[in-house]
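Contents: one structure, followed by commentary.
Below, the structure is given as structure tokens:
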């Protein structure tokens, strides 16, 4: 019951070949286009009813590979709603063509156009000689910096990164290739560079209803230190990442990664940095082994590799979305406004 395109996509998700909420949502929607295009309604049922059930099995499989991003949840809800509203008087082929066109429109309006608007608004906040701090790699932040450089803005970037993913290295490489003056630090060195920073710009995996930001682990530390240093914290976030959920910390829910990612490092045993005259031969022989290599042999030791953390709303100065620059606590108001607009549009179509 699982389409080959969905199986391939699930492997790409689980192996982090496709990562990031927007990239995963876009890839899922294109896979759904293949599923819908090749779907055949079984005898004795309707496309409206059976397709929703069939898509549900595809979604269940994707859930087993990785937890669904908030963008994916939003797209799935919208697609299911569109399926329930298709005309029973039209043929299956016409309805499938309508759904394929709807997916293309959704990607264009909710992702591509939304990012264009966000980048245009955020670009106005970048001033001459700014020192911009960012954490990890957000595609929206990367695009903002590259386009700002292309428009002639003069600024510097400090890329803050953290193990085990070290995603900031990709961002650093792309920015440096574009001629942007960059520095690279790990999260434990933030205190030394924060006095130079004029603003912190980050992406988000989700913006929760209490104004908290769900993002890559380490983001909350960067936001906290920026807040304490009176540095504005600016979040770039599309509306499809807005969530009605409430989460106060990273332990109520989180996605847990492979613990061995925390062990597989070139860091040596601290004894290896001592002069050889102070290091016994037995320790010197073992100093090249990674720290915690045998962590499974220690009964009371567990390694916890969390993918996300929660940045409290009090640390966030502004959220830039396609609906404008808003405080992070306005999530529910924006969601309510969008629902009202959708209801009005449905009534117009019905009439």
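Residue numbers (the UniProt record's numbering): 1 to 351. Ideal Cβ positions, reconstructed from N, Cα and C, are used throughout, including at glycine.
When the alpha-carbon of residue 88 is set against those of 26, 47, 341 and 228, the nearest one is in 47. The bridge partners DSSP lists for residue 25 come to none.
With fewer than 16 other Cβ atoms inside 10 Å of its own Cβ, residue 124 counts as exposed. Annotation: residue 234 to residue 122 spans about 9 Å, alpha carbon to alpha carbon.
Residue 216 is bridged by DSSP to 308. Put simply, of 245, 118 and 49 the residue whose alpha carbon is nearest the alpha carbon of residue 80 is 49. Straight-line spacing of the CA atoms in residue 52 and residue 12 works out to 24 Å.
In this structure, DSSP gives residue 154 a state outside helix and strand, which the three-state scheme calls coil. One thing to note: residue 106 has its Cβ within 8 Å of the Cβ of residue 29. The C-alpha of residue 179 is placed about 44 Å away from the C-alpha of residue 3. The Cβ-Cβ distance between residue 308 and residue 243 does not fall below 8 Å. In this structure the stretch 205-221 does not lie against the stretch 290-303, because fewer than three pairs of beta carbons, one per stretch, are closer than 8 Å. In this structure the stretch 310-327 lies against the stretch 216-225, because at least three pairs of beta carbons, one per stretch, are closer than 8 Å. In the three-state scheme derived from DSSP, where H, G and I count as helix and E and B as strand, residue 183 is classed as strand. Per the DSSP secondary-structure output, residue 224 pairs with nothing in a beta bridge. Inter-segment contact for the stretch 154-163 and the stretch 186-198 is present: three or more beta-carbon pairs are separated by less than 8 Å. Nearest in C-alpha terms to residue 331, of all of 255, 240 and 301, is 240. For the options 103, 40 and 24, the alpha carbon positioned closest to that of residue 67 is the one of 24.
Taking C-alpha positions only, residue 64 is separated from residue 212 by approximately 26 Å.
Under the three-state reduction of DSSP, residue 134 is assigned to strand.
The residues 12, 24 and 27, in chain order, have a CB closer than 7 Å to that of residue 18 in the same chain once the five nearest residues on each side in sequence are set aside.
In the three-state reduction of the DSSP assignment, residue 240 falls in the helix class, which pools H, G and I.
Counting only the Cα atoms, residue 156 lies some 12 Å from residue 193. Under DSSP, the beta-bridge partners assigned to residue 319 are 235 and 326. Annotation: residue 298 is outside any beta strand (DSSP E) and is labelled neither H nor E by DSSP.
Residue 232 and residue 195 have their C-alpha atoms spaced approximately 13 Å apart. With 16 or more other Cβ atoms from the protein chains shown falling within 10 Å of its own Cβ, residue 137 counts as buried. Relative to the Cα of residue 146, the nearest Cα in the group 164, 172 and 129 belongs to 172.
In this structure residue 214 is in contact with residue 247, their Cβ atoms being roughly 7 Å apart against a cut-off of 8 Å. Between the alpha carbons of residue 154 and residue 31 lies a gap of roughly 40 Å. As the crow flies, the alpha-carbon of residue 83 is around 18 Å from that of residue 339.
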